[in-house]
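Colleague: Please see the structure below; I have some questions.
Residue numbers (full-length UniProt numbering): 1 to 107.
Structure (structure tokens):
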């Protein structure tokens, strides 16, 4: 009986360490805006496209939409929650971290 509790404690400890490591990696990846775009794509279910794409800051669209906009190449665009062919991402900044949300041209 005592061995079972030791085993479960080790499993629980390993799981907590794994979750903590994943959260740390996600925080470190979200420091740059382009990595925030990649992380959003990977979380949305497109990890292969996230690794292959090269997000770029679009100065013209950022000025027109009055937001910090990053774009990806058309070949890596994808469909998400009723939005067809997502290639634009709005960047939100929280202290040193960034978060990207899929957006569309609304001007």
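Backbone N, C-alpha and C define an ideal beta-carbon position, used for all residues, glycine too.
Cα separation between residue 33 and residue 9?
Modeller: 38 Å
Colleague: Note down, in chain order, each residue of its chain lying with its Cβ closer than 8 Å to the Cβ of residue 38, except the 5 sequence neighbours on either side.
Modeller: 29, 50, 51, 53 and 55
Colleague: Measure the Cβ-Cβ separation of residue 46 and residue 78 and say whether it is below 8 Å.
Modeller: yes
Colleague: If you run the structure through DSSP and keep just helix, strand and coil, what is residue 66?
Modeller: coil
Colleague: What is the rounded straight-line gap between the Cα of residue 72 and the Cα of residue 61?
Modeller: 13 Å
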